[in-house]
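Peer 1:
Residue numbers (my numbering): 583 to 954.
1. Could you check the C-alpha separation between residue 862 and residue 691 for me, to the nearest Å?
2. On the three-pair Cβ rule with 8 angstroms, is the region 731 to 748 touching the region 806 to 826?
3. Between the region 766 to 776 and the region 843 to 861, do at least 3 Cβ pairs fall closer than 8 angstroms?
4. If contact is defined by three or more beta carbon pairs under 8 angstroms, each pair taking one atom from either stretch, is the region 794 to 808 in contact with the region 633 to 648?
5. Taking residue 809 as the reference, which of 670, 649, 624 and 626 has the closest Cα?
6. For a test of the three-state rule: what should DSSP assign to residue 649, helix, strand or coil?
7. Considering only the alpha carbon of each residue, which of 629, 595, 677 and 634 lies closest to residue 941?
8. Could you say if the region 668 to 682 and the region 893 to 909 meet the contact criterion of at least three C-beta pairs nearer than 8 angstroms?
9. Can you tell me which residues form a DSSP beta bridge with residue 771?
10. Check whether the region 603 to 620 and the region 922 to 937 touch, using three or more Cβ-Cβ pairs below 8 angstroms as the test.
11. Quick check on residue 762: buried or exposed, where buried means 16 or more other Cβ atoms within 10 Å of its Cβ?
12. In the DSSP assignment, what are the bridge partners of residue 930?
13. To the nearest angstrom, report how far apart residue 876 and residue 866 are at their CA atoms.
14. Please state whether DSSP places residue 624 in a helix, a strand or coil.
15. In chain order, what residues of the same chain lie with their CB nearer than 7 angstroms to the CB of residue 884, ignoring the 5 residues before and after it?
16. Can you say whether residue 711 is buried or exposed, counting buried as having 16 or more other CB atoms within 10 angstroms of its CB?
17. What residues are listed by DSSP as bridge partners for residue 785?
18. Can you give the Cα-Cα distance for residue 634 and residue 846, rounded to whole angstroms?
19. Please determine, among 693, 835, 864 and 656, the residue with the shortest C-alpha to C-alpha distance to residue 646.
20. Check whether the Cβ atoms of residue 759 and residue 794 sit closer than 8 angstroms, and answer yes or no.
21. Closer than 8 angstroms by C-beta to residue 872: which residues in its own chain qualify, once you throw out the five before and the five after it? Chain order, please.
Structure, rendered in structure tokens:
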């Protein structure tokens, strides 16, 4: 990895610390899922109790980076070109994740009950997830809206946010956008108060609340980029910012018997992290300057962050079924979990090198041919 900042197609330097933080959050999500699957999602044994909030962090970061990369390009770029750019950037790995999800469901050696589902049904669900559309739950998948590859639910929300930006949000003034952020924040706070959590949106029962999570965080990122220079330039390198992120995720669940807050304490903690801490963390990261070695690590982490996130779940579902159906001792489960983690990171790197980047380079000429 080089130690000089990468640049966008318009020559602007990347926010390398933010790229690194995206990688940190993706790794923490994988660890969160491994630990949760090992203990059947009981809180005992889970060290990253609030790591589901990584999705909200991704949405804030996405809004910030989208505004940085595209706000000043609309005089020479059409809406159709923008949509195609985002599809080329995101959808190849969406399709690869769908293929992995299909294969892991059909060939999982540990969950024999999955073989009872007709292949025609499974392939129809595969067609839907290739389009990021929800489908009915499958066995051993809870009530996930995207059973073959659960993280795809957040990519659907990301696409909704990108489309809203291209059609409406980019045209709004900063004050109007800020007002929408406040309104969306109020809705998000109500969701957190009502459910006592923000781990919402990936299940059919909470599908619309996933859109509420995206709406606030994505618009907050857009607004934050516009007003970034009005805030003090506090610098926080990648390592320090990652420690903050770990601390946010590792805080124990709030007890339900606290005075006044009672059944709502955990939800209030999580929404305060999303509304206050994550935007501040992104501002600090955006203003940071880091030494060469840390920059190289950030670039590597940023490069594999998206493939780690969107590709890890099919591998871990096999691990989950191994733990659930064979009931190994804890030491064996931990060894298998560590092996699954190494496999996920290795596969993510190979996917970047030999699939994602070659496919995107092959597709880029299509963007230049699209005029409007």
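Backbone N, C-alpha and C fix where the C-beta goes; we use that ideal spot for every residue, glycine too. Just so you know, these numbers come straight off a predicted model, no measurement behind them.
Peer 2: Straight from the coordinates:
1. By one-based count along the chain shown, residue 862 stands at place 280. By one-based count along the chain shown, residue 691 stands at place 109. Cα to Cα, the separation comes out at about 45 angstroms.
2. Between the region 731 to 748 and the region 806 to 826, the count of Cβ pairs shorter than 8 angstroms is below three; the stretches do not touch.
3. As far as the Cβ criterion goes, the region 766 to 776 touches the region 843 to 861, which means the pair count is three or higher.
4. The region 633 to 648 is in contact with the region 794 to 808.
5. Position 227 of the chain shown, counted from the start, is the residue given in the question as residue 809. For the residues 670, 649, 624 and 626, the minimum Cα distance to residue 809 belongs to 649.
6. For the purposes of this step, residue 649 is identified with residue 67 of the chain shown, where counting begins at 1. DSSP places residue 649 in helix when its eight states are reduced to three.
7. Numbered from 1 along the chain shown, position 359 holds the residue referred to as residue 941. Of the candidates 629, 595, 677 and 634, the one whose C-alpha sits nearest the C-alpha of residue 941 is 677.
8. Below 8 angstroms, enough C-beta pairs join the region 668 to 682 and the region 893 to 909 to call them touching: three or more.
9. Counting from one through the chain shown, the residue named residue 771 turns up at place 189. Looking at the DSSP assignment, residue 771 forms no beta bridge with any residue, so it has no partner.
10. By the criterion of at least three beta-carbon pairs nearer than 8 angstroms, the region 603 to 620 is in contact with the region 922 to 937.
11. For this step, residue 762 is matched to residue 180 along the chain shown. By the 10 Å Cβ count, residue 762 comes out buried.
12. Residue mapping note: residue 930 aligns to position 348 of the chain shown, counting from 1. Within the DSSP bridge table, the entry for residue 930 names no partner.
13. Stepping through the chain shown from its first residue, residue 876 is reached at position 294. Stepping through the chain shown from its first residue, residue 866 is reached at position 284. If I take the Cα positions, the gap works out to 16 angstroms.
14. Position 42 of the chain shown, counted from the start, is the residue given in the question as residue 624. Coil, per DSSP.
15. The residue given as residue 884 occupies position 302 in the chain shown. Excluding sequence neighbours, residue 884 sits near 601, 602, 604 and 605.
16. The residue you call residue 711 lines up with position 129 of the chain shown. Under this definition residue 711 is a buried residue.
17. Numbered from 1 along the chain shown, position 203 holds the residue referred to as residue 785. DSSP lists 726 as partners of residue 785.
18. On the chain shown, residue 634 is found 52 positions in, with the first residue counted as 1. On the chain shown, residue 846 is found 264 positions in, with the first residue counted as 1. Counting only the Cα atoms, residue 846 lies some 17 angstroms from residue 634.
19. The count along the chain shown starts at 1 and reaches residue 646 at position 64. Comparing Cα positions, the closest option is 864.
20. By one-based count along the chain shown, residue 759 stands at place 177. By one-based count along the chain shown, residue 794 stands at place 212. No, Cβ-Cβ distance for residue 759 and residue 794 is not below 8 angstroms.
21. For the purposes of this step, residue 872 is identified with residue 290 of the chain shown, where counting begins at 1. Exclusion of the five residues before and after residue 872 leaves 598, 599, 819, 820 and 880 as the residues of its chain whose Cβ lies within less than 8 angstroms of its Cβ.
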